[in-house]
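Report on one structure; see the data block that follows.
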Amino acid sequence: MDTRLIRRPVLDLLSGRSQCLFSLNAASRRNESSYRRTKQRLNIKPDSSFLNSKHSPNQDHIIFNPPSSAPSVLHTPLKFLPKEDKRRQLLASTATRHQATDSILPPPVHVKRSVPHHHLSEADVREIQRLKREEPDNWTCAKLARKFNCSTFFVSICLTQCGVDNTQKKKEMQEKLEAIQARWGPRRRKAREERAKRYELANRGE
Amino acid sequence: MQASLASTRTRSQSSSSTADVIFEDAERIPNKKHPLSQYASPTPEAALKSAKLAALHARLSLPQKLPLQTMARTLVDPSADSNPNFNNAALAQLGGSIISYHVAEYLLCTYPRLPMTVLFSAAYAYNGPKTLELIARELGVETAAAPGSEVDPGLLQFSKMASGTKIDEFGASTRPDSKSFYRRGMSSRNVYDDEFGDTIPREREPYEPLSTEQAYAGFVKAVVGSLFLHAGREQAKRFVKRHILSRHLDISSLFQFKTPERELTRLCQREEFEHPVARILSETGRHSRSPVYVVGIYSGNDKLGEGAGPSLLEAKIRASVAALKAWYLYSPGNNVRVPSEMESKGAREWEPVHIDLGEVIH
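Taken in order, these protein sequences are the chains called A and B.
So that you can map any letter, position 4 of the first sequence is 4 in full-length UniProt numbering, and since no number is skipped, the others follow by simple counting.
So that you can map any letter, position 69 of the second sequence is 69 in full-length UniProt numbering, and since no number is skipped, the others follow by simple counting.
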């Protein structure tokens, strides 16, 4: 969790008003200049799935077919229920019934790995640290990663313990980055800013 | 007559026009009162004649045990009348702790896994000063332009801040490390700060003007405090339930994660679940301008969360956030029993509520 305190406007939190307003506006938008024309335009033939046909079921029961949407976070998965919870047995019994039909899991998201993982020994790590300590300006993260055929992330973890003061270097890198960012045009800048906002929203799950 | 009344009631600000009054405070407070107003706040007798006050009492459907005089006292802020026998400071102190107790027990029993930050924010959303002001305004309480004994007792009385006054957030507080307030982690907030994780301001002078928000919040707290004193525990709890806990708060919108994927991995390690794996449930338009991926996070054969996004990475983040929220928002049920229910007569035997290990540290 983020350790900052998140303060949102109380009015937004306590009432679902913003959503309601939005939906109202979307429904009551009127593009035609007269009532008759608006009505005519909205008089659309319903989708064929809504009409009764000879194939439509005649039984007296309710068909539960909700539209596809993201599952609610308030539905705790079976695995997350504590041991003493009564819902555990109920969910477990339905889970076993469903397991028989879809035992094949969907394909995993492939992460492209250009460098091997978990192949360096303790001695290699010490060697990385020694190189950095002796020639801190020469042995950069990327260079060390290329030499040892590992990721720059792994090198940066190793270098946190090597005892080299990198505040000056960090400052220089930050200045370099700012110089690059200053050269960005309006389109690229907007795209980057929007991406940052998108990821912030994703981290909030909104 | 004025002097004798002032000596019996010891109202330091009330009759400063006469020379023989002894001030309790060292410095003299500039008197801005109307010449006709004898005291700092309306007299208790005036409360019986106020239509506004009677209407407010009836509108809140308060029990008859709560007299109008006390009701009038809840509307007098210490900034209007610094005499503790006639202002609502004591009632607000009592009511504030009753409100925060009921909100805290509700939150802790209904959502036993909430992280500390979310718990603070949720408490702030339920009974923070902003919400209490909202409630007081909804109850139809209006403010008096200036306090005084000639004012209708049905109006909220406090001395208003002059426009343009700076409200400093990091003013003097009761924290011992107030000079180095950058060291404010969650654990130090637990120890030093109030129920919302905010610093407790140092004791103000009672006659200092204050914001409308604080005055309204003090009124709502004082109503609960007076209900507790006159009508009992049950009535105070009923008021809190009806006016504060009945509000809908979407707790799932209070979360903000930094590295959700890593946090979920740590959670699965801690709880000894299988390593979480992201799997593509469905996708459309992979080579188009606006693709959509639906990714599910699986631990073994169980799906923990699901998220959709325009890139695999974003969908993965959303799915991890959904899984973490599902973990933290676990609730034993809608009608969980809270400890205060045991105080009523003939209560069933207490079953221990779920107590969680705590939030994931990564």
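We put the CB at the ideal spot given by N, CA and C, even for glycine.
Bear in mind the structure is a predicted one, so any value in this text is a computation, not a measurement.
- C-beta neighbour in chain B for residue 140 (chain A), strict 8 Å: no
- Tell me where the beta strand (DSSP E) around residue 242 (chain B) begins and ends. Segment: none, residue 242 (chain B) is in no beta strand (DSSP E) and carries neither H nor E.
- Message: Using a Cβ-Cβ distance cut-off of 8 Å, determine whether residue 202 (chain A) contacts chain B.
- Response: yes
- Item | N-terminal and C-terminal residue of the beta strand (DSSP E) that residue 438 (chain B) is part of | Here chain B covers residues 1 to 362 and nothing more, so residue 438 (chain B) does not appear.
- Message: Can you confirm whether residue 106 (chain B), when its beta carbon is compared against all beta carbons of chain A, has any partner nearer than 8 Å?
- Response: no
- Query: By the 10 Å Cβ neighbour count, where 16 or more other Cβ atoms means buried, how is residue 193 (chain A) classified, buried or exposed?
  - Reply: exposed
- Query: For the putative contact between residue 102 (chain B) and residue 240 (chain B), defined by C-beta atoms under 8 Å, what is the C-beta separation to the nearest angstrom?
  - Reply: 5 Å
- Return yes when the Cβ of residue 133 (chain A) is within less than 8 Å of the Cβ of residue 158 (chain A), no when it is not. no
- For residue 53 (chain B), I'd like the list of residues in its chain whose CB is within less than 7 Å of its CB, leaving aside the five on either flank, ordered along the chain. 47, 68, 71, 72, 153, 154
- Residues near residue 343 (chain B) in its chain [Cβ-Cβ closer than 7 Å; skip 5 each side]: 233
- Query: With a cut-off of 8 Å, do at least 3 Cβ pairs link the region 84 to 103 of chain B to the region 236 to 254 of chain B?
  - Reply: yes
- Query: Do you know offhand how far residue 91 (chain A)'s Cα is from residue 304 (chain B)'s?
  - Reply: 14 Å
- Query: Along chain A, which residues have their Cβ under 9 Å away from the Cβ of residue 298 (chain B)?
  - Reply: 105, 106, 108
- Message: So for residue 146 (chain B), helix, strand or coil by DSSP?
- Response: coil
- Query: For residue 73 (chain A), which residues in chain B fall below 7 Å Cβ to Cβ?
  - Reply: 252, 322, 325, 326, 329
- Query: residue 206 (chain A) touches chain B at which residues, Cβ-Cβ below 8 Å?
  - Reply: 253
- Would you call residue 80 (chain B) buried or exposed, if buried means 16 or more other Cβ atoms sit within 10 Å of its Cβ? buried
- Query: In chain A, which residues lie with their C-beta within 7 Å of the C-beta of residue 394 (chain B)?
  - Reply: There is no way to answer for residue 394 (chain B), as the model of chain B reaches only from 1 to 362.
- Beta carbon proximity, residue 154 (chain A) to chain B, threshold 8 Å: no
- Task: Report yes or no: do three or more beta-carbon pairs, one from the region 102 to 110 of chain A and one from the region 328 to 347 of chain B, lie closer than 8 Å?
- Result: no
- Give a yes or no on whether 8 Å exceeds the smallest Cβ distance from residue 194 (chain A) to chain B. no
- Item | Segment contact, 8 Å Cβ cut-off, at least three pairs: the region 178 to 193 of chain A with the region 142 to 149 of chain A | no
- How is residue 306 (chain B) classed by DSSP in three states: helix, strand or coil? strand
- Output the distance between the C-alpha atoms of residue 137 (chain B) and residue 156 (chain B), rounded to the nearest integer angstrom. 11 Å
- Looking at residue 81 (chain A) and residue 95 (chain A), is the spacing between their C-beta atoms short of 8 Å? no
- Assign residue 176 (chain A) to one of three DSSP states: helix, strand, or coil. helix
- Item | Secondary structure of residue 200 (chain A), DSSP reduced to three states | helix
- Message: Please list, in chain order, the chain A residues whose beta carbon lies closer than 7 Å to that of residue 348 (chain B).
- Response: Correct list: empty, because the minimum Cβ distance to chain A is about 17 Å.
- Quick one, which residues of the region 51 to 83 of chain A are near chain B if we go by CB-CB under 8 Å, in chain order? 70, 71, 73, 74, 75, 76, 77, 78, 79, 80, 81, 82
- Task: Tell me, to the nearest whole angstrom, how far the beta carbon of residue 160 (chain B) is from that of residue 212 (chain B); I am working on the premise that it is less than 8 Å.
- Result: 7 Å
- So which of B:130, B:104, B:341, B:93 has the shortest CA-CA distance to residue 120 (chain B)? B:104
- Message: Quick check: the Cα distance between residue 143 (chain B) and residue 42 (chain B), rounded to an integer number of angstroms?
- Response: 14 Å
- Query: Just the Cα atoms here: how many angstroms apart are residue 283 (chain B) and residue 316 (chain B)?
  - Reply: 13 Å
- Using the rule of at least 16 other Cβ atoms within 10 Å of the residue's Cβ for burial, across every protein chain shown, is residue 270 (chain B) buried or exposed? exposed
- Task: Along the alpha helix (DSSP H) that carries residue 103 (chain A), what are the first and last residues, could you check?
- Result: No alpha helix (DSSP H) contains residue 103 (chain A), which DSSP labels as neither H nor E.
- Message: Mapping the DSSP letters down to three states, classify residue 48 (chain A) as helix, strand or coil.
- Response: helix
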